[in-house]
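J.: Below you'll find the structure I mean.
Number of protein chains: 2
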Amino acid sequence: MSRVKISNPFLDSNEPDFLSHFGITCTKEICQYFNDVKFVCMSGSHGRIQLYAETFHREARICLSENLSKTDRYVMYKTGPVLWVNHGMGIPSLSIMLNELIKLLYYAEATDVTFIRVGTSGGIGVEPGTVVVSSGVLNELLEPVLILHVMGEVIKLDAILDKNLCDELYEFGKSLCIPLEKGITMSTDDFYEGQARLNGAFCNYTKSDKNNFLKKLYSMRVRNMEMEGVCFASITHRAGIRGAIVCATFVDRLNEDLARKDQAPNIFHEYEMRPFKVVSTYLIEKLECNKN
Amino acid sequence: MSRVKISNPFLDSNEPDFLSHFGITCTKEICQYFNDVKFVCMSGSHGRIQLYAETFHREARICLSENLSKTDRYVMYKTGPVLWVNHGMGIPSLSIMLNELIKLLYYAEATDVTFIRVGTSGGIGVEPGTVVVSSGVLNELLEPVLILHVMGEVIKLDAILDKNLCDELYEFGKSLCIPLEKGITMSTDDFYEGQARLNGAFCNYTKSDKNNFLKKLYSMRVRNMEMEGVCFASITHRAGIRGAIVCATFVDRLNEDLARKDQAPNIFHEYEMRPFKVVSTYLIEKLECNKN
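For the protein sequence lines, the chains are W and C, in the order given.
Take the first sequence: its position 26, counting from 1, is numbered 26 in UniProt numbering, and each next residue is one higher.
Take the second sequence: its position 218, counting from 1, is numbered 218 in UniProt numbering, and each next residue is one higher.
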């Protein structure tokens, strides 16, 4: 059994810690409630993670908790050993959530925990609606590291996903007849210029600059871009947690920049349920196995 | 009269643009509704910005719109010429919001627009509850620029606030007997290690490293740290929009890392209303002036 690792000598204080962005005070009673957690599924949007939690509750027939977060920064739901948490958009917001969640699971003495990011992204050279299971992550400088700035110094932390978990999720997806690819995920801090879009408020490059860059990414086996993966992979690796990323793609960026959800909302709803379907099928099988 | 500037030759398409993170399709009728906007107030939390909008609606006796955002990414309220929008936590989330809001105000042909970030922060060498009006912003490397990564290249963009607006807001604050400081704001991408806290899941530095760093910041006239200012200053400057940042401080980081909101929620509620009070007093006077 492997406990969630933290690495901070200052945390052993006598007073219960307070997770300020969840509004949770880490008393023994509260932490005990999280002791059985084995899986944490996360996504940017709070509405989407609530939808996922409710759907899983119905499909797996496991009780659904109320929203366990006491602030409006994040939401958190629990269905037995599975937590559902949103992380907002971008690395800073994800990083706050992961720091506080990892402390919570550490205090709770949870063991053998797996984190899965179930997100949305822009595809590169894949049909819209394809689910990408990340085989690796790259930052904006095309390096597989999270860059952290600590007291004016630049620190690079390895961003590594769990290869076995990725392979397993990919096999589950294939069995469901969902359009699926395995590929590298690039994470950026900026959605418009950072992802070479032509439809932000500012754009100082040409269409051919953009196309050349996206083709270069494709040749490097990058299959989608989003805004959190490299931080997710780095922090889970650092905490000794198995991590995987499964994202829907809403557009093929080789063809277009904008997902016109206003013109076809039902299609995008179907797309965003696909990575959930992969993950929920996997979870239900794993939980059944544990029962037997 | 000065229009909101965008800088993107690709935006003049025949089809109405779609602001995907607000869920707003930019038809002529919809944009017309935003033509009279003169001020945009923003904050991270959606609950707080809703509270600010409702309080302003009552105090200024101006009608309050419903939530104009059609997604759960952001909320947006309108009270006459004042918009209230949340931006989530961190630069990536703020940057998406600003790109789409600036496009909206550009299509709406809004003129002479002022943006004010009304936020929360950790203070440096100031009493908890002090309001800091930012005189400037620094990034994590202590430079007054936003670092953007575009197609693998590092681009540094000046991050400049409107000096006159900051001075004016500071004078309004002083007249209200609210504890107030003018000082530099440092913006980081990471809340825990990025701000030299000792209470994250990871910490590889000593208490004295931390103290030395925070004292160095104090000597550079930094009075608070948050996670958006340098992007706010850069994008508003780039779009020709007057920008100012007014933040409550919840702790003095020279003394502590954690704001224990669980132990004194009312005090923190009072703190978070202080920067709003400064800004709402300013807005009401400006709007009255425009009437006469």
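Ideal Cβ placement from N, Cα and C applies to all residues, glycine included.
Computed from a prediction, not measured in an experiment: that's the story for all the values here.
Which residues of the segment 275-290 of chain W have a Cβ closer than 7 Å to any Cβ of chain C? Give them in chain order.
T.: none
J.: Using the three-state DSSP reduction, which class does arginine 197(C) fall into: helix, strand or coil?
T.: Taking the second sequence and counting its residues from 1, the one referred to as residue 197(C) is at position 197. Coil at arginine 197(C), not helix or strand.
J.: On the CB-based measure, 16 or more other CB atoms within 10 Å of its CB, does methionine 97(W) come out buried or exposed?
T.: Residue 97(W) sits at position 97 when you count from the first residue of the first sequence. Buried.
J.: How about the segment 67-85 of chain W and the segment 27-38 of chain W: do they share at least three Cβ pairs that are nearer than 8 Å?
T.: yes
J.: Using C-beta distances below 6 Å, list every residue in its chain close to arginine 274(W), excluding the 5 sequence neighbours before and after it, in chain order.
T.: Here residue 274(W) is taken as the residue at index 274 of the first sequence, counted from 1. Closer than 6 Å at Cβ, skipping near neighbours: Val131, Ile178 and Ala248.
J.: Flag glutamate 193(C) as yes if its beta-carbon sits less than 8 Å from any beta-carbon of chain W, otherwise no.
T.: Counting from 1 along the second sequence, the entry for residue 193(C) is found at position 193. So yes, glutamate 193(C) belongs to the interface.
J.: Would you mind working out which of Val154(W), Leu254(W) and Ser95(W) sits nearest arginine 223(W), comparing C-alpha positions?
T.: For this step, residue 223(W) is matched to residue 223 along the first sequence. Ranking the options by Cα distance to arginine 223(W), first place goes to Leu254(W).
J.: Pick from Ser93(C), Gly123(C) and Glu153(C): whose alpha carbon is nearest that of lysine 215(C)?
T.: By 1-based counting over the second sequence, the position of residue 215(C) is 215. The shortest Cα separation from lysine 215(C) among Ser93(C), Gly123(C) and Glu153(C) belongs to Gly123(C).
J.: What are the residues in the segment 99-112 of chain W lying within 7 Å of chain C by C-beta distance?
T.: Listed in sequence order: Asn99, Ile102 and Lys103.
J.: For cysteine 166(W), does the three-state DSSP call read helix, strand or coil?
T.: One-based indexing of the first sequence puts residue 166(W) at position 166. Of the three classes helix, strand and coil, the one that applies to cysteine 166(W) here is helix, per DSSP.
J.: Since glycine 88(W) contacts glycine 44(W) with CB under 8 Å, what's their CB separation in whole angstroms?
T.: As a position in the first sequence, residue 88(W) is number 88, starting the count at 1. As a position in the first sequence, residue 44(W) is number 44, starting the count at 1. With a Cβ gap of about 6 Å, glycine 88(W) and glycine 44(W) count as contacting.
J.: Within the 8 Å Cβ cut-off, does phenylalanine 213(C) reach chain W?
T.: Taking the first residue of the second sequence as 1, we reach residue 213(C) at position 213. For phenylalanine 213(C), the answer is yes, since a Cβ of chain W falls inside 8 Å of its Cβ.
J.: Could you give the DSSP three-state label for alanine 53(W): helix, strand or coil?
T.: Here the question's residue 53(W) lines up with position 53 in the first sequence. Residue state, collapsed to three classes: helix.
J.: Cβ of isoleucine 49(W) within 8 Å of Cβ of proline 92(C)?
T.: By 1-based counting over the first sequence, the position of residue 49(W) is 49. By 1-based counting over the second sequence, the position of residue 92(C) is 92. No, Cβ-Cβ distance for isoleucine 49(W) and proline 92(C) is not below 8 Å.
J.: If you measure from the beta carbon of isoleucine 160(C) to each beta carbon in chain W, is any gap under 8 Å?
T.: Indexing the second sequence from 1 puts residue 160(C) at position 160. With 8 Å as the cut-off, isoleucine 160(C) does not count as an interface residue toward chain W.
J.: So, with DSSP's three-state summary, where would you put cysteine 31(C)?
T.: The residue you call residue 31(C) lines up with position 31 of the second sequence. Assigned with DSSP and collapsed to three states, cysteine 31(C) falls in helix.
J.: Going straight from the alpha carbon of glycine 125(W) to that of asparagine 67(C), what length do you get?
T.: In the first sequence, counting from the first residue as 1, residue 125(W) sits at position 125. In the second sequence, counting from the first residue as 1, residue 67(C) sits at position 67. Roughly 37 Å separates the two Cα atoms.
J.: If you measure between the beta carbons of glycine 119(W) and glutamate 226(W), is that distance less than 8 Å?
T.: Start at 1 with the first residue of the first sequence, and residue 119(W) comes out as number 119. Start at 1 with the first residue of the first sequence, and residue 226(W) comes out as number 226. The answer is yes: Cβ separation under 8 Å.
J.: Which value, in whole angstroms, describes the spacing of the CA atoms of leucine 138(C) and cysteine 203(C)?
T.: By one-based count along the second sequence, residue 138(C) stands at place 138. By one-based count along the second sequence, residue 203(C) stands at place 203. Each residue's Cα considered, the two are about 23 Å apart.
J.: Could you pull out every residue in the same chain whose Cβ sits closer than 8 Å to the Cβ of alanine 201(C), ignoring the five residues on either side in sequence?
T.: Taking the first residue of the second sequence as 1, we reach residue 201(C) at position 201. The answer, listed in chain order, is Tyr192.
J.: Give the list of continuous alpha helix (DSSP H) stretches no shorter than 4 residues that lie fully inside the segment 109-184 of chain W.
T.: Complete alpha helix (DSSP H) runs here, min 4: 163-175.
J.: Which whole-angstrom value is the C-beta distance of alanine 159(W) and histidine 237(W), which I expect to be below 8 Å?
T.: On the first sequence, residue 159(W) is found 159 positions in, with the first residue counted as 1. On the first sequence, residue 237(W) is found 237 positions in, with the first residue counted as 1. Correct: roughly 7 Å between the Cβ atoms.
J.: Report yes if the C-beta distance between phenylalanine 34(W) and glycine 243(W) is below 8 Å; otherwise report no.
T.: Within the first sequence, residue 34(W) is the residue found at index 34, counting from 1. Within the first sequence, residue 243(W) is the residue found at index 243, counting from 1. No, they are not a contact pair.
J.: Pull up the distance between the alpha-carbon of phenylalanine 250(W) and that of methionine 42(W), whole angstroms please.
T.: Position 250 of the first sequence, counted from the start, is the residue given in the question as residue 250(W). Position 42 of the first sequence, counted from the start, is the residue given in the question as residue 42(W). Each residue's alpha carbon lies about 18 Å from the other.
J.: CB-CB under 7 Å to serine 65(C), same chain, minus the five flanking residues each way: which ones, in chain order?
T.: On the second sequence, residue 65(C) is found 65 positions in, with the first residue counted as 1. Closer than 7 Å at Cβ, skipping near neighbours: Tyr77 and Lys78.
J.: Could you tell me the boundaries of the alpha helix (DSSP H) in which arginine 238(C) lies?
T.: Sequence index remark: in the second sequence, residue 238(C) carries index 238 (1-based). That run of the alpha helix (DSSP H) goes 229-238.
J.: Report yes if the CB atom of glycine 194(C) is closer than 8 Å to the CB atom of leucine 157(W), and no otherwise.
T.: Taking the second sequence and counting its residues from 1, the one referred to as residue 194(C) is at position 194. Taking the first sequence and counting its residues from 1, the one referred to as residue 157(W) is at position 157. No. Outside cutoff.
J.: Within 8 Å of any Cβ in chain C, is that where the Cβ of lysine 28(W) sits?
T.: The residue given as residue 28(W) occupies position 28 in the first sequence. No, its Cβ sits nowhere closer than 8 Å to a Cβ of chain C.
J.: Beta carbons nearer than 7 Å to chain C: which residues of the segment 253-265 of chain W have them?
T.: Listed in sequence order: Leu258, Ala259, Arg260, Lys261 and Asp262.
J.: For the beta strand (DSSP E) containing serine 43(W), name the first residue and the last one.
T.: Taking the first residue of the first sequence as 1, we reach residue 43(W) at position 43. For serine 43(W), the uninterrupted beta strand (DSSP E) run begins and ends at 39-43, by DSSP.
J.: In this structure, what does DSSP give as the bridge partners for serine 7(C)?
T.: For the purposes of this step, residue 7(C) is taken as residue 7 along the second sequence, with counting starting at 1. Phe202(W).
J.: Let me know if valine 154(C) comes out buried or exposed under the rule of 16 or more other beta-carbons within 10 Å of its beta-carbon.
T.: As a first step, residue 154(C) must be located in the second sequence, where it is residue number 154. Exposed, by the Cβ-count rule.
J.: Answer yes or no: does any C-beta atom of chain C fall closer than 8 Å to that of alanine 239(W)?
T.: The residue you call residue 239(W) lines up with position 239 of the first sequence. With 8 Å as the cut-off, alanine 239(W) counts as an interface residue toward chain C.
J.: Threonine 185(W): which of Asn211(W), Glu143(W) and Ala239(W) sits nearest, CA to CA?
T.: Residue 185(W) sits at position 185 when you count from the first residue of the first sequence. Answer by Cα proximity: Glu143(W).
J.: I think cysteine 166(W) touches valine 133(W), with their Cβ atoms under 8 Å apart; what is that distance to the nearest whole Å?
T.: Taking the first residue of the first sequence as 1, we reach residue 166(W) at position 166. Taking the first residue of the first sequence as 1, we reach residue 133(W) at position 133. Sure, about 6 Å apart at Cβ, within 8 Å.
J.: Under the rule that 16 or more other beta-carbon atoms within 10 Å means buried, what is glutamate 272(C), buried or exposed?
T.: The count along the second sequence starts at 1 and reaches residue 272(C) at position 272. Buried, because 16 or more other Cβ atoms sit within 10 Å of the Cβ of glutamate 272(C).
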